[in-house]
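Residue numbers (my numbering), protein chains in the order written: chain A, 1 to 240; chain B, 1001 to 1125.
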């Protein structure tokens, strides 16, 4: 069973702590769908805060546990899949391809045409772009306007093999990254609830599980509370 | 062919202990499943590592993965050249792509020999 949790838009530090709590948790597979209030920039785990010194001073910035480039989380649907690694067997690339192919099919049913890049930049070198959406590469989902879905993973083996997969589906172009594609580019964009349903169906199909609405457990909530101070810590955000 | 004088964790780290000093790295299997490596973070000389706990992190284009220690002890050295030469991990994961040298106080009871690790990799696919 794929437990599906739909959260209200939440503070950046809470969002990141919640996703880590799910990664460290016991539930075999949870899909959390959420948004950001306030809108914020999330840095990839290895990115340097110094590279973002030009952002407006009031911009909330948080460091993700997952890799990749920075994302300006504006009007979007963010999802976090936390699952046992056995449910996403194969290598990292395999997991992206399976998940993204299902999302392409799901979005197409609502009139949002996108495709997974088969090839593209091999990206053997360190990322040249600081923004996740700036340079679509292999396995990214794109439209003719640019990259539509930002994705990144964290993989752990202790306490047991688990994967956290982050996805950001852009609804409207954020101010700091106007070069992205957006769901609202189509003439009759699907509603937010429709998009949540489509993403849920795509993830469930990828894992071969049945999706069911679920809730946070008290233990998960408590773990989130205990993890959040790290994401609030300016030293963690500026660790690079 | 993986070396027979190394021990392995299920999480795909290897270690080779000689005269109480462990050399630690990640295996060819780990490298092939991560692909397109971009960043590596290793602990500094003088820090300590603990069996089963994360000693570092590695990022591929699509994922950050934690690295787990097969031993406990003091870090005597880390491969400072490796973060700028991550292609070494693909070329020589058991040689010049070593990550840490550790003065060992204990070795994980969960380490496997080469034959068992080969079977583990085959089972993981």
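Each residue gets a CB set at the ideal place from its N, CA and C atoms; glycine is no exception.
Distance CB(residue i)-CB(residue j) smaller than 8 Å
| i | j | result |
| --- | --- | --- |
| residue 224 of chain A | residue 29 of chain A | no |
| residue 1054 of chain B | residue 1075 of chain B | no |
| residue 195 of chain A | residue 77 of chain A | yes |
| residue 237 of chain A | residue 61 of chain A | yes |
| residue 74 of chain A | residue 212 of chain A | no |
| residue 89 of chain A | residue 22 of chain A | no |
| residue 147 of chain A | residue 112 of chain A | no |
| residue 184 of chain A | residue 143 of chain A | no |
| residue 65 of chain A | residue 164 of chain A | yes |
| residue 117 of chain A | residue 137 of chain A | yes |
| residue 1070 of chain B | residue 1021 of chain B | no |
| residue 1111 of chain B | residue 1073 of chain B | no |
| residue 91 of chain A | residue 1033 of chain B | yes |
| residue 1119 of chain B | residue 153 of chain A | no |
| residue 1099 of chain B | residue 1056 of chain B | yes |
| residue 134 of chain A | residue 69 of chain A | yes |
| residue 141 of chain A | residue 166 of chain A | no |
| residue 41 of chain A | residue 176 of chain A | yes |
| residue 1068 of chain B | residue 157 of chain A | yes |
Contact with chain B by residue i, beta-carbon distance below 8 Å
| i | result |
| --- | --- |
| residue 103 of chain A | no |
| residue 137 of chain A | yes |
| residue 92 of chain A | yes |
| residue 124 of chain A | At residue 124 of chain A the pLDDT is 40, less than 50, meaning the model places this residue with poor confidence and gives no usable figure here. |
| residue 66 of chain A | yes |
| residue 27 of chain A | no |
| residue 76 of chain A | no |
| residue 241 of chain A | The shown model of chain A, from 1 to 240, leaves out residue 241 of chain A, and the question about it has no answer. |
| residue 46 of chain A | yes |
| residue 96 of chain A | yes |
Contact belief for residue i with residue j at Cβ below 8 Å, rounded distance in angstroms
| i | j | result |
| --- | --- | --- |
| residue 1007 of chain B | residue 1113 of chain B | 7 Å |
| residue 220 of chain A | residue 10 of chain A | Actually they are not in contact, since the Cβ atoms of residue 220 of chain A and residue 10 of chain A sit about 14 Å apart, beyond 8 Å. |
| residue 1026 of chain B | residue 1108 of chain B | Not a contact, Cβ separation roughly 15 Å. |
| residue 1090 of chain B | residue 1031 of chain B | 6 Å |
| residue 4 of chain A | residue 200 of chain A | 5 Å |
| residue 170 of chain A | residue 182 of chain A | 5 Å |
| residue 1037 of chain B | residue 1058 of chain B | 6 Å |
| residue 1088 of chain B | residue 1101 of chain B | Not confirmed; about 16 Å, so no contact. |
| residue 33 of chain A | residue 7 of chain A | 7 Å |
| residue 231 of chain A | residue 59 of chain A | At roughly 16 Å, the Cβ-Cβ gap does not stay under 8 Å, so residue 231 of chain A and residue 59 of chain A are not in contact. |
Closer than 8 Å to chain A by CB, residue i
| i | result |
| --- | --- |
| residue 1117 of chain B | no |
| residue 1120 of chain B | no |
| residue 1089 of chain B | no |
| residue 1025 of chain B | no |
| residue 1011 of chain B | yes |
| residue 1008 of chain B | no |
| residue 1059 of chain B | yes |
| residue 1129 of chain B | Past the edges of chain B, shown from 1001 to 1125, lies residue 1129 of chain B, and the structure says nothing about it. |
| residue 1125 of chain B | yes |
| residue 1110 of chain B | no |
First through last residue of the alpha helix (DSSP H) which encompasses residue i
| i | result |
| --- | --- |
| residue 183 of chain A | Unbroken run through residue 183 of chain A: none, as it is neither H nor E. |
| residue 194 of chain A | 192–207 |
| residue 1033 of chain B | 1028–1034 |
| residue 236 of chain A | 234–237 |
| residue 17 of chain A | 12–24 |
| residue 1063 of chain B | Unbroken run through residue 1063 of chain B is the beta strand (DSSP E), 1063–1068; no alpha helix (DSSP H). |
| residue 1114 of chain B | 1114–1124 |
Enclosing beta strand (DSSP E) for residue i [first to last residue]
| i | result |
| --- | --- |
| residue 62 of chain A | 61–63 |
| residue 42 of chain A | 40–43 |
| residue 155 of chain A | 146–156 |
| residue 1073 of chain B | 1071–1078 |
| residue 76 of chain A | 76–84 |
Beta-carbon neighbours of residue i, restricted to chain B and to distances below 8 Å
| i | result |
| --- | --- |
| residue 153 of chain A | 1062, 1063, 1064 |
| residue 158 of chain A | 1011, 1052, 1053, 1054, 1066, 1068 |
Proximal chain B residues relative to residue i, where beta-carbon distance stays under 9 Å
| i | result |
| --- | --- |
| residue 34 of chain A | Those do not exist, as residue 34 of chain A stays about 20 Å from chain B at its closest Cβ, beyond 9 Å. |
Within chain A, partners of residue i - CB distance below 8 Å
| i | result |
| --- | --- |
| residue 1035 of chain B | 91, 92, 93 |
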